[in-house]
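Following: one structure in structure tokens, then a few remarks.
Protein chains: 2
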Amino acid sequence: MATIKDVAKLAGVGLGTASRVINQSGYVSEATKKKVEDAIAELGYVPNETARAFVTQDNRIVALFLPSIHHAFFSELAYFIEDELDKNDYKMMLCNSSNQIEKELSYINMLKQNKVSGIIGISYNQIEKEINNSMPIVLVDRHIGEIPYVSSDNYAGGEMAFQVLRDSGCKQVAYIGTYTKTILTEVEKRKKGFENAAKESGLDYTLYLEEDPIKDQTVFLNQFLTKHKNVDGVFVENDLMALELVQLALEKNIKVPEELSVIGYDGIQRYGALRPKLSTIRQPVEVMGRSLVDLLIKRINGFSVTPAIHPVDYLKGETTR
Amino acid sequence: MATIKDVAKLAGVGLGTASRVINQSGYVSEATKKKVEDAIAELGYVPNETARAFVTQDNRIVALFLPSIHHAFFSELAYFIEDELDKNDYKMMLCNSSNQIEKELSYINMLKQNKVSGIIGISYNQIEKEINNSMPIVLVDRHIGEIPYVSSDNYAGGEMAFQVLRDSGCKQVAYIGTYTKTILTEVEKRKKGFENAAKESGLDYTLYLEEDPIKDQTVFLNQFLTKHKNVDGVFVENDLMALELVQLALEKNIKVPEELSVIGYDGIQRYGALRPKLSTIRQPVEVMGRSLVDLLIKRINGFSVTPAIHPVDYLKGETTR
DNA sequence: ATGAAAGCGCTAACAA
DNA sequence: TTGTTAGCGCTTTCAT
Chain A
31 MATIKDVAKL
41 AGVGLGTASR
51 VINQSGYVSE
61 ATKKKVEDAI
71 AELGYVPNET
81 ARAFVTQDNR
91 IVALFLPSIH
101 HAFFSELAYF
111 IEDELDKNDY
121 KMMLCNSSNQ
131 IEKELSYINM
141 LKQNKVSGII
151 GISYNQIEKE
161 INNSMPIVLV
171 DRHIGEIPYV
181 SSDNYAGGEM
191 AFQVLRDSGC
201 KQVAYIGTYT
211 KTILTEVEKR
221 KKGFENAAKE
231 SGLDYTLYLE
241 EDPIKDQTVF
251 LNQFLTKHKN
261 VDGVFVENDL
271 MALELVQLAL
281 EKNIKVPEEL
291 SVIGYDGIQR
301 YGALRPKLST
311 IRQPVEVMGR
321 SLVDLLIKRI
331 NGFSVTPAIH
341 PVDYLKGETT
351 R
Chain B
31 MATIKDVAKL
41 AGVGLGTASR
51 VINQSGYVSE
61 ATKKKVEDAI
71 AELGYVPNET
81 ARAFVTQDNR
91 IVALFLPSIH
101 HAFFSELAYF
111 IEDELDKNDY
121 KMMLCNSSNQ
131 IEKELSYINM
141 LKQNKVSGII
151 GISYNQIEKE
161 INNSMPIVLV
171 DRHIGEIPYV
181 SSDNYAGGEM
191 AFQVLRDSGC
201 KQVAYIGTYT
211 KTILTEVEKR
221 KKGFENAAKE
231 SGLDYTLYLE
241 EDPIKDQTVF
251 LNQFLTKHKN
261 VDGVFVENDL
271 MALELVQLAL
281 EKNIKVPEEL
291 SVIGYDGIQR
301 YGALRPKLST
311 IRQPVEVMGR
321 SLVDLLIKRI
331 NGFSVTPAIH
341 PVDYLKGETT
351 R
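Heads up: the protein sequence lines correspond to chains A and B, in order.
First residue of the first sequence? That's 31 in our numbering, and the numbers climb one at a time after it.
First residue of the second sequence? That's 31 in our numbering, and the numbers climb one at a time after it.
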């Protein structure tokens, strides 16, 4: 493997000069530039990125940790994050934390080890003590200290879901979702927005919750259908759960949306081809992904940033009237 | 940030000694070991991984490039690859190539730049000229020169799909899929297996193909349903397409599986909750993911390896009789 | 068993 | 505009 030294020697110039033309920094005359470029071509020289990262203390790698890439919303988000990082000449390292705090911490540790320049994290663990405001970290749906975060407007989404159900004539609505005892995420606001809107309107509502992670989602949802036969409109925490609820309802010969309206949250594109098409509150995944990268890069470069909360919209499918 | 130099100084030992206890290499007396460990604890020393990677010429990062993580089968595969890499103390860099050859080549280039130790690639481009047998690369479903690859037993899968359709009484079967003019992938063997089995049995069969990438899958599938009303059993190249075919058939009031049996390929777990449940030829995704990592690590360490072809099985759902 | 020193390939500060 | 040089933090000989 040819090194920059070989290039300099062959071109008959100094090390620094060779470095300058390679990095297009500083002044170099056209003549010497040509000489160096020829030498590079002749040797097939490729800069050693590891050496470069070592000396500049910046490797242009960003870590993304999330519960599991094996989940439609996350993989969609990861797609856009990678795309935006690539545009900014960063590489993306991916870690399925499986919600294990050790794995998340090991990535946070990589920041100290200089192995990554920054982190985008989706975490439902108590990582408060391990991170601080000076680290280049951006979180999704999670508000910890001054760490910047990105989320969709969960509260407005909850309100919106309620409005849709009420406007379509539902008399008895419910929210189905999860909660955690240990941490507080922005996701809870979906429930709050829904609940407050319901209270305000005076309509009867039910909260059907189970602690995350749910052991058996099918059992959980079937139980809901059995216990709450009077409910005619449901807002479900996420699309995947909503989709299963719809299927289970249909199996029980409950007509959707005639007898039961269902709204999900996320707006996962991939499910668009499925029938019945789910009505949902759509998060602007692409915007969120790019926004995360934007904020993170600013943090890496030492700028301070503020959280970004992105508006959601209602995507009507076939599961609401 | 404390360096190994600080550690050595505080512990009152030489640089090399400090390095030895950190890496648990060479001989160190218990006494000095303790001194160094104390110093590390006191300083909160963390090794700079970039420096380490630089000097050892090995950064323990593996790149995975695939068309898009935003695709169920790939994200499932990526999940297991990451998991297995993590067990072997490697990190995974992820790249959505979007089938752009430039992006794939830029990753291959990272091998030369020392930015990654190896590559796992899913590529449908002509990258033959850019890679060679000495590079630590493993491919999925693609046989190029002596580059090792991993795939499911596509040929057997095709045969299996045919047998299922025939055994359930189908009289007129078809294969629906894509083809490429420029390259040859193992995926084509799904069609070959199916076709040969059909020929052998003497049953009438149709091949319904379009060049990849398909512009509008819905149009493509609807056209099939319109043109081939006599077909009563279909093997579709992948689950996603099969799933859409089922939905489109149902919309046209074609009864599945009574009037039309459908079998997909992949066996994506996440779709298991959807109804009707798709019958499919399942690839052992987890085994394949771990196998990819296993082969790659052997390559990185200079061992030669042979391709791994993994058996598939038939997963009966509700779309076949 | 341990310390000193060389060197990995590169960038950047400095001098010329 | 260019060449020289000093590190970056670490591992690894090589003496001792």
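The beta-carbon is built from N, C-alpha and C at its ideal position, and this holds for glycine as well.
Here the structure is a predicted model, which means the values were calculated and not measured.
Residue range 309-312 is occupied by the beta strand (DSSP E) that includes ARG312 (chain A).
In the structure shown, SER198 (chain A) adopts coil according to DSSP, grouped into three states.
Check the Cα spacing between GLU79 (chain B) and each of A:GLY44, A:LEU141, A:ARG50: the tightest is with A:LEU141. PHE103 (chain A) counts as buried, since at least 16 other C-beta atoms from the protein chains shown sit within 10 angstroms of its C-beta. Shown here, MET31 (chain A) sits in coil according to DSSP, grouped into three states, outside any helix or strand. Identification of chain B residues near PRO77 (chain A) by a Cβ-Cβ cut-off of 8 Å yields GLN143, ordered along the chain. Taking every protein chain shown into account, the CB of VAL315 (chain B) has 16 or more other CB atoms within 10 angstroms, so this residue is buried. Within 10 angstroms of the beta-carbon of ASP171 (chain A) lie 16 or more other beta-carbons, which makes it buried. Against chain B, a Cβ distance below 8 Å from MET123 (chain A) picks out ILE91, LYS121, MET122, MET123, LEU124. Taken in chain order, the members of the stretch 295-321 of chain B whose beta-carbon sits within less than 8 Å of a beta-carbon on chain A are ARG300, ALA303, LEU304, ARG305.
No Cβ-Cβ contact shorter than 9 Å links ILE177 (chain A) with PHE95 (chain A). At least one C-beta of chain B is nearer than 9 Å to the C-beta of SER105 (chain A). In terms of beta-carbon proximity, THR80 (chain A) lines the interface with chain B, with at least one pair separated by less than 9 Å. Contact check for GLN202 (chain B) and ASN260 (chain B): beta-carbon distance about 5 Å, within the 8 Å limit, so the pair qualifies. The alpha-carbon separation between GLY332 (chain A) and MET318 (chain A) amounts to approximately 21 Å. Remark: C-beta atoms of ASN184 (chain A) and VAL342 (chain A) approach each other more closely than 9 Å. Burial state of LEU124 (chain B) is buried, judged by a 10 Å Cβ sphere holding 16 or more other Cβ atoms. For a cut-off of 8 Å, the C-beta gap from LEU237 (chain A) to LYS221 (chain A) is around 7 Å, short enough to register as a contact.
The alpha helix (DSSP H) runs lying completely inside the stretch 243-295 of chain B and spanning 4 residues or more are 247-257, 269-281, given in chain order.
Among the residues of the stretch 179-207 of chain B, none has a Cβ less than 8 Å away from any Cβ of chain A. For the pair PRO97 (chain B) and ASN129 (chain B), the CB atoms are nearer than the 9 Å cut-off.
The straight-line gap separating the alpha-carbon atoms of THR310 (chain A) and LEU345 (chain A) is approximately 5 Å. The beta carbon of MET165 (chain A) does not come within 9 Å of any beta carbon belonging to chain B, so the residue lies off that interface. Secondary structure of VAL180 (chain B) (DSSP, three-state): strand.
Comparing alpha carbon positions, the residue from A:GLN143, A:LYS63, A:ALA228, A:GLY302 closest to ARG82 (chain B) is A:GLN143. Those residues of the stretch 275-288 of chain B placed with their C-beta closer than 8 Å to a C-beta in chain A are GLN277, LEU280, GLU281, ordered along the chain.
By DSSP's assignment, PHE103 (chain B) forms no beta bridge with any residue.
Neighbourhood of HIS100 (chain B) in chain A, by CB distance below 7 Å: SER105, GLU106, TYR109, in chain order.
Nearest CB-CB separation between PHE84 (chain B) and chain A: below the 9 Å threshold. Interface annotation, ASN129 (chain A): not in contact with chain B, CB-CB separation never under 9 Å. When secondary structure is reduced to three states using DSSP, LEU322 (chain A) falls in the helix class. In the pairwise beta carbon analysis, the stretch 262-270 of chain A is classified as touching the stretch 284-302 of chain A: at least three pairs are separated by under 8 Å. Close to GLU348 (chain B), with beta-carbon spacing below 7 Å, lies no residue of chain A; the smallest spacing is near 12 Å. By the Cβ test, the stretch 53-60 of chain A is not in contact with the stretch 113-127 of chain B, since fewer than three Cβ pairs between them sit closer than 8 Å. GLY232 (chain B) and ARG351 (chain B) do not touch by the CB rule: their CB atoms are close to 21 Å apart, not below 8 Å.
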